[in-house]
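In what follows, a single structure is set out as structure tokens and then discussed.
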Amino acid sequence: MSRGELGRSSGGDLRLRLVLTCAAAAAVHLLVLIYCDVTYVPPLLEPLPTSHVYLFSAADSNSAFARHIGLWIELADPSRLIRPRSTLLDAPRPVALQPLPAEREKMDQPVPGSHDPELFPVRPVDPRNALWLPLPPIPPPATAGLQAPVPPESVAEFDEALSRRLPTPWKPPMASVRLLSETGPTIVRLAVDARGVPCAVLLQESCGERRVDESALREIQRLRFSPDPGSLVTWGRVKVFWHFREQEAP
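This note's numbering puts the first residue of the sequence shown at 313, with every later residue one more than the last.
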């Protein structure tokens, strides 16, 4: 036998073996599917939650059940479980007032007497034997010397910061008021800028007359001070001691 024939015979045997192997495997699978019972387990499904509603009433036909329900209703309000040991008595009826007898009213009235008894008897005094003592002199009141003297003319007092920048002294005008005892000095807070012009005029203390205070503010607003480029604003205080005179009655 030649080499060609040997190669062809070996190739045919290999193909035959492969076909027989595939046929045997198919037959085994077919037998398994026929004779073996394969069961598939379905996945577990949880049941859906359900809710139940129960209605209870104290008017239930079952007496025991209704009694228990009534107890739970009373437990919701503890004050309903508190009961007094003894029953409450009825409130007493009002008693009508009786008028007092007339004889008792007469007994309560005071008995009028001829004269009241004297606790300290006073003897008659003879004016001729009386001792006369002179009364001491009455001292003047303590507030007599507290009234501030009225200056002969109106005077303005500037503090040191403003007096250095005031070129000429300022003389306030004379004012007239109704009552001298109700007046006093006018105190003004003043701010002067670098040019010497008042930029703020504030009333710190009134003299007691609004018209006089307003005139002081107007006059101080018109004042002119010496310029000071080194300082932006100079604050100071002005006291105006007025020469008051009483107004004549119309």
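Here a beta-carbon is modelled for each residue, glycine too, at the ideal position from N, C-alpha and C.
Nothing here was measured: the structure is a model prediction, and the numbers come from that model.
Residue burial classification, residue i (beta-carbon count within 10 angstroms, cutoff 16)
{"i": "residue 471", "result": "exposed"}
{"i": "residue 387", "result": "exposed"}
{"i": "residue 346", "result": "exposed"}
{"i": "residue 502", "result": "buried"}
{"i": "residue 548", "result": "buried"}
{"i": "residue 535", "result": "buried"}
{"i": "residue 335", "result": "exposed"}
{"i": "residue 519", "result": "buried"}
{"i": "residue 484", "result": "buried"}
{"i": "residue 525", "result": "buried"}
{"i": "residue 521", "result": "buried"}
{"i": "residue 487", "result": "buried"}
Cutoff 6 Å; reference residue i; Cβ partners in own chain excluding five residues on either side
{"i": "residue 551", "result": "469, 497, 499"}
{"i": "residue 465", "result": "555"}
{"i": "residue 377", "result": "none"}
Limits of the beta strand (DSSP E) - the one that residue i falls within
{"i": "residue 533", "result": "Counting along the chain, residue 533 falls outside any beta strand (DSSP E), though it belongs to the alpha helix (DSSP H) covering 522-533."}
{"i": "residue 617", "result": "Past the boundaries of the shown model lies residue 617; the chain is included only from 313 to 562, so the question cannot be answered."}
{"i": "residue 549", "result": "545-553"}
Beta-ladder partner(s) of residue i, from DSSP
{"i": "residue 517", "result": "499"}
{"i": "residue 512", "result": "503"}
Close beta carbons around residue i, own chain, < 8 Å, minus the five adjacent residues each side
{"i": "residue 455", "result": "With a pLDDT of only 49 at residue 455, under 50, the local geometry of the prediction cannot be trusted, and no value is derived from it."}
{"i": "residue 477", "result": "504, 508, 537, 538, 540, 546"}
{"i": "residue 511", "result": "503, 504, 505, 545"}
{"i": "residue 371", "result": "378"}
Rounded Cβ spacing between residue i and residue j (contact assumed at less than 8 Å)
{"i": "residue 474", "j": "residue 504", "result": "7 Å"}
{"i": "residue 369", "j": "residue 381", "result": "7 Å"}
Start and end residues, alpha helix (DSSP H) containing residue i
{"i": "residue 379", "result": "375-388"}
7 Å Cβ shell around residue i - same chain, five flanking residues per side excluded
{"i": "residue 513", "result": "500, 502, 529, 532, 533"}
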